[in-house]
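Quick notes on the structure that follows.
Below, the structure is given as structure tokens:
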């Protein structure tokens, strides 16, 4: 079955960077985009962008352009999301996801989430 | 401020029916499929409705979705205590070239 397993919680200082990993299994990793979505405590879902592991193409939400970098390592079926110049407002749970609406299907799977805390 | 607009809260008693609305524009709901997610506390979102009104395997038929123009709705009938959760609508936005979510609706089963 499809699984997306993310790396553990992180605590970072303002101005630092964080890199979250997402290991995929149960499907052909290079065949589907990986999306990243974040959720601040008590807040709603916020889409950050996508990456196609086969082509390397990316698409970032305007809010994060210049600060986010999405990459993949196809040899180990793992996607990465790096966010730089962290500020307190970036404290959130970050999810990787295979989002169904991208492919107009019900092929929809999410990682367990990674809590990133930005605090001095 | 979310691109898609949902009421922040909704409540109803067990066994009753509740409807959650999601309002957008021609660049998102008006021209693309609407998806609905259920999120229980401390867990990742779970797909509830896809392509406006389709249920994934395993989702009870108590959950139904509809879309008209630039608005969509999620209806839950025969409410149960385990339906108490946050519900989010989502769609692709052609102008933003990205996924947009509603702000979420917290459903309380009284």
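Protein chains in written order, with our numbering: chain A, 1 to 120; chain B, 121 to 230. In this text, a Cβ means the ideal position worked out from N, Cα and C, and glycines have one as well.
Under 8 Å between beta-carbons, which chain B residues line up against residue i? List them in chain order, please.
i	result
residue 73 of chain A	The contacting residues do not exist; residue 73 of chain A stays about 23 Å from chain B at best.
residue 111 of chain A	164
residue 40 of chain A	Neighbours of residue 40 of chain A on chain B: none; closest Cβ ~12 Å, over 8 Å.
Going by other Cβ atoms of all chains shown within 10 Å of its Cβ, with 16 needed for buried, is residue i buried or exposed?
i	result
residue 140 of chain B	buried
residue 21 of chain A	buried
residue 9 of chain A	exposed
residue 98 of chain A	buried
residue 160 of chain B	exposed
residue 76 of chain A	exposed
residue 78 of chain A	buried
residue 13 of chain A	exposed
So which residues of chain B does residue i contact, with C-beta pairs closer than 7 Å?
i	result
residue 33 of chain A	Those do not exist, as residue 33 of chain A stays about 11 Å from chain B at its closest Cβ, beyond 7 Å.
residue 95 of chain A	164
residue 100 of chain A	155, 167, 170
residue 59 of chain A	217, 218
Please compile the residues from chain A whose C-beta is within a distance smaller than 8 Å of the C-beta of residue i.
i	result
residue 194 of chain B	Result: empty, since nearest Cβ-Cβ is about 15 Å, beyond 8 Å.
residue 223 of chain B	44
residue 211 of chain B	101
residue 122 of chain B	44
To the nearest angstrom, how far is it from the Cα of residue i to the Cα of residue j?
i	j	result
residue 223 of chain B	residue 27 of chain A	31 Å
residue 54 of chain A	residue 34 of chain A	11 Å
residue 88 of chain A	residue 134 of chain B	40 Å
residue 68 of chain A	residue 189 of chain B	34 Å
residue 124 of chain A	residue 103 of chain A	Nothing can be reported for residue 124 of chain A: it is not among the residues displayed for chain A, which extend from 1 to 120.
residue 25 of chain A	residue 209 of chain B	27 Å
residue 36 of chain A	residue 219 of chain B	10 Å
residue 133 of chain A	residue 83 of chain A	One cannot answer for residue 133 of chain A here, as it falls past the ends of chain A, which runs 1 to 120.
residue 150 of chain B	residue 191 of chain B	7 Å
residue 29 of chain A	residue 1 of chain A	13 Å
residue 105 of chain A	residue 170 of chain B	7 Å
residue 172 of chain B	residue 46 of chain A	20 Å
residue 212 of chain B	residue 58 of chain A	16 Å
residue 137 of chain B	residue 11 of chain A	43 Å
residue 117 of chain A	residue 227 of chain B	28 Å
residue 86 of chain A	residue 56 of chain A	25 Å
By the criterion of Cβ-Cβ separation under 7 Å, what are the contact partners of residue i in chain A?
i	result
residue 208 of chain B	44, 45
residue 176 of chain B	106
I'd like to check one pair, residue j with residue i: are the Cβ atoms closer than 8 Å?
i	j	result
residue 44 of chain A	residue 122 of chain B	yes
residue 233 of chain B	residue 101 of chain A	Here chain B comprises residues numbered 121 to 230, so residue 233 of chain B is not present and cannot be evaluated.
residue 124 of chain B	residue 148 of chain B	yes
residue 143 of chain B	residue 230 of chain B	no
- Between the stretch 166-177 of chain B and the stretch 189-208 of chain B, are three or more C-beta pairs nearer than 8 Å? yes
- Given 8 Å, three or more beta-carbon pairs between the stretch 180-188 of chain B and the stretch 91-100 of chain A: no
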